[in-house]
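Below is one structure, written out as structure tokens; comments come after it.
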Amino acid sequence: MTRNTGSEHGWTVVVTGASGRTGSRVAEAARAAGMTVRAASRAYGFDWRDDSTWARVLRGADAAYLLCPSDVGAPDAADAVGRLAREAVGLGVRRLVLLSARGKEQARPAEEALRASGADWTVVRASWFSQNFSEGPLVAELREYGELVFPGGAVREPFIDARDIADVVVTAIGAGDRYVGQVLEVSGPRLLSFGEAVAEIAAATGRELSYRAVPAREYGERLAGFGVPPEELDFVVDLFESLLDGHNAHLSDGVREVLGREPRDFGAFVREAAAEGVWKPDAAAERP
């Protein structure tokens, strides 16, 4: 059973990665649901790699959203998730929701570490985020060079809006024991290749944008040129080779099952982001 015996909507929720793509939206959705958000990031004195920073953030909270800082499938993720989850449970924070990746076998050890912690756990396995095209490293290529170079081939992916992930996470936290001990797989409503996704962005922006598929090894060489440490490159290359092989080219019903509605469509996301000028060549200079 969960620790809190009152309404979950009055809970204090620790949100790791609170300034990131999903964490910021989890924080927003949690506040909208009447929860108190306790941001956990380096800016607020929390560091996944320094366990001496954990107790201050966790103590007195009711639930936590766990987002691994590098990747849930990284070699050190299971150890970090397990230790943080055990500390949370020891401090009375039993309700934990982990963001994992759909179809990523490398993520299973982190999920198992959460299960073994004694927490009232839920795992949310998500497909690729729509916001990967508007936030982070991919957007700069489209914005400045009009081309996305990526090892996605012609593989089709059901891109999910990060706001849907956030809504599922917050609903799972606020639904008592309903989703405890469950794995929720979430995706967008339709399949698109990376090339088709870029074409939709081009149509919405009126720009000539292109997609160039490259092998994962070649992409790794590009990342090395951008300064990615050598010790990370082998993991990244192996990840892309295994994750983008077509086995994820199917839809999942998690959004509909949890929220009772259809997931947001990629096209709607693109229209909103284009209206905000996300892919304008001078957008980075204009943004605060």
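Taking the UniProt record's numbering, the leading residue of the sequence shown gets 1, the next gets one more, and so forth. By construction, the Cβ of each residue, glycine as well, lies at the ideal position given by its N, Cα and C atoms.
| Asked | Found |
| --- | --- |
| Please name the residue in Ala273, Glu185, Ala61, Gln106 whose C-alpha comes closest to that of Ala251. | According to the sequence as given, residue 251 is Leu; it is not Ala. Residue Glu185 is the option with its Cα nearest to Leu251. |
| With 16 as the cutoff for other CB atoms within 10 Å, does Pro281 come out buried or exposed? | exposed |
| Looking only at its chain, what residues have a beta carbon closer than 6 Å to the beta carbon of Ser41, apart from the 5 residues adjacent to it on each side? | Ala18, Ser19 |
| Whole angstroms are fine: how far does the CA of Asp238 sit from the CA of Asp79? | 20 Å |
| Is it the case that the Cβ atoms of Pro229 and Arg190 are separated by a distance below 8 Å? | no |
| Evaluate the contact criterion for the region 206-219 versus the region 139-150: three or more CB pairs, one atom per stretch, below 8 Å. | yes |
| Restricting to Cα atoms, I'd like to know which of Gly60, Asp167, Gly92 is closest to Ala119. | Gly92 |
| So, with DSSP's three-state summary, where would you put Tyr179? | coil |
| In whole angstroms, what separates the C-alpha of Phe240 from that of Leu259? | 30 Å |
| If you check the beta carbons only, do Ala29 and Asp167 fall under 8 Å apart? | yes |
| Return the chain-ordered list of same chain residues with a C-beta closer than 8 Å to the C-beta of Ala224, the five sequence neighbours on each side being excluded. | Pro230, Leu233 |
| If you reduce the DSSP assignment to three classes, tell me which class Phe159 lands in. | coil |
| State the DSSP-derived secondary structure class of Arg42, mapped to helix, strand or coil. | helix |
| Quick check: Thr22 and Leu99, are their CB atoms within less than 8 Å of each other? | yes |
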